[in-house]
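Peer 1:
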Amino acid sequence: MTIHRRQFMQGAGAAGALATAPTTVLAAGTPKQEANMTTFVLIHGAWHYGALWEDVAKPLRKAGHTVHTPTLAGNGPGKDIDRTVGHNDAVKSAVDYVVKNDLKDFVLLGHSYGGTIISRMAEELPDRIRRLVYWNAFVLSDGESIESVSPPHYKQLMDAIAASGAHGPGAVKLPFPVWREAFMNDADLALAQKTYELTTPHPLRTLTDRVALKSFHELKIPRSYINCTEDIAMPPGDFAWHPRFTARLGLCRLVQMPGGHEACFTDPELLAQKIVEAGRD
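Numbering (the numbering used here), first residue to last: -17 to 263.
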């Protein structure tokens, strides 16, 4: 399989300035074109932050869509960030962002860990969300955690990293070999190294906290799932993303594309196209 890679964003400096800023670019066009424009709220995964969506957001904006890329509590670059926060703190930060910006009728997408965030956001903000989109994301049931639905070797790895204290209190970061082989398996070594340097430590509690989802599975919000067919961050077999998590959504739209877990880096333009496909009415 050949992946057509686009050049990744230049440096983390400019990225940091964009981490929580919404960007709205309205393309001139006919009334019909403007009527098809969508507001997207993109919720990042573990070790990411808002600005790392930039190469996906660019083509969406160019097409005339509005894109918001908030950074969740406990994530982002900087030594002053509290990495001891829990899952509820991360959810609250995302809900507060939506309310502060008075966002309505938007498509809410979550990647990986971000899937657990958008499920809780849907419970808190059901009347504001047009559609939920999960991109190779966890879909939890009430009382589950990311740790509880992941292979045992991930728990052992994260516990060992946290115990070492290498990334500060309560924080973990994937070792580069895991990032390279399981998350960036469709990238060359140079891109894997460059993107790894942009990722940041992640609060372990958000992965181990059990999530209360009392009403999510009864909500009537339309749902889509984007599945990258070479994604092995969750290993093939019983732990694979699809169909394990798509089955939990009930009636949903399945959109598939080639690529691994970090298609936002390896093929951002194709991912943007698939986000539009997954998010359309």
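Every residue gets a Cβ at the ideal spot worked out from N, C-alpha and C, and that includes glycine. These numbers come from a predicted model, not from an experiment.
Taking contact to mean 3 or more Cβ pairs, one atom from each stretch, closer than 8 Å, check whether the segment 230 to 248 and the segment 160 to 176 are in contact.
Peer 2: Yes, they touch.
Peer 1: Rounded to whole angstroms, how far is the Cβ of Phe214 from the Cβ of Trp117, which I believe are closer than 8 Å?
Peer 2: Looking at the sequence provided, one finds Ile at residue 214 rather than Phe. Incorrect: roughly 15 Å between the Cβ atoms, too far for contact.
Peer 1: Can you grab the Cα-Cα spacing for the pair Asp191 / Ile128, in whole Å?
Peer 2: Rounded to whole angstroms, Asp191 to Ile128 spans 8 Å at the Cα level.
Peer 1: Give the single residue among Ser123, Ala104, Phe120 and Leu122 whose Cα lies nearest to the Cα of Leu114.
Peer 2: Ranking Ser123, Ala104, Phe120 and Leu122 by Cα distance to Leu114 puts Ala104 first.
Peer 1: Measure the alpha-carbon distance for Gln255 versus His149 and round it to whole angstroms.
Peer 2: Roughly 36 Å between the two C-alpha positions.
Peer 1: Excluding the 5 residues preceding and the 5 following His224 in the sequence, name in chain order all residues of the same chain whose CB lies nearer than 6 Å to its CB.
Peer 2: Contacts found: Asn209.
Peer 1: Mind pulling the alpha helix (DSSP H) runs of 4 or more residues that sit fully within the segment 159 to 199?
Peer 2: Correct list: 171 to 180 and 187 to 190.
Peer 1: Ignore the nearest five residues each way along the sequence and tell me which others in Phe120's own chain have a CB closer than 6 Å to its CB.
Peer 2: The answer, listed in chain order, is Gly97, Thr98 and Ile128.
Peer 1: Label Glu179 either buried or exposed according to how many other C-beta atoms from any shown protein chain fall within 10 Å of its C-beta, with 16 as the threshold for buried.
Peer 2: With fewer than 16 Cβ atoms within 10 Å of its Cβ, Glu179 is classed as exposed.
Peer 1: What's the C-alpha gap between Val73 and Cys234?
Peer 2: So the alpha carbons of these two residues sit roughly 23 Å apart.
Peer 1: Any idea if Leu189 is buried or exposed, counting beta-carbon neighbours within 10 angstroms, 16 or more meaning buried?
Peer 2: Buried, because 16 or more other Cβ atoms sit within 10 Å of the Cβ of Leu189.
Peer 1: For Thr181, collect the residues of the same chain with a Cβ closer than 6 Å to its Cβ; drop the 5 residues on either side in sequence, then sort them by chain order.
Peer 2: Answer for Thr181: Trp29, listed in chain order.
Peer 1: Can you give me the start and stop residues for the beta strand (DSSP E) that Val23 sits inside?
Peer 2: Note, Val23: beta strand (DSSP E), Thr21 to Ile25.
Peer 1: Using C-beta distances below 8 Å, list every residue in its chain close to Leu231, excluding the 5 sequence neighbours before and after it, in chain order.
Peer 2: Same-chain partners within the cutoff: Tyr116, Val121, Arg205 and Tyr207.
Peer 1: So the beta strand (DSSP E) Asn70 belongs to, where does it begin and stop?
Peer 2: Taken as a continuous stretch (DSSP letters only), Asn70 belongs to no beta strand (DSSP E), being part of the alpha helix (DSSP H) at His69 to Lys82.
Peer 1: Contact check, Asn57 vs Tyr31 under 8 Å by CB: the rounded distance?
Peer 2: That belief holds up - the Cβ atoms of Asn57 and Tyr31 are roughly 5 Å apart, short of 8 Å.
Peer 1: If we count the other Cβ atoms within 10 Å of its Cβ and call it buried at 16 or more, is Pro52 buried or exposed?
Peer 2: So Pro52 counts as buried.
Peer 1: Using C-beta distances below 7 Å, list every residue in its chain close to Pro133, excluding the 5 sequence neighbours before and after it, in chain order.
Peer 2: The residues are Pro217 and Phe221.
Peer 1: For Asp64 and Ser75, what's the separation of their Cα atoms in angstroms?
Peer 2: In a straight line, the C-alpha of Asp64 is about 13 Å away from that of Ser75.
Peer 1: Can you check which of these residues, His135, Leu85 and Lys196, is closest to Glu126 by C-alpha distance?
Peer 2: The shortest Cα separation from Glu126 among His135, Leu85 and Lys196 belongs to Lys196.
Peer 1: What residues match up with Met239 in a beta bridge as DSSP calls it?
Peer 2: Per DSSP, Cys210.
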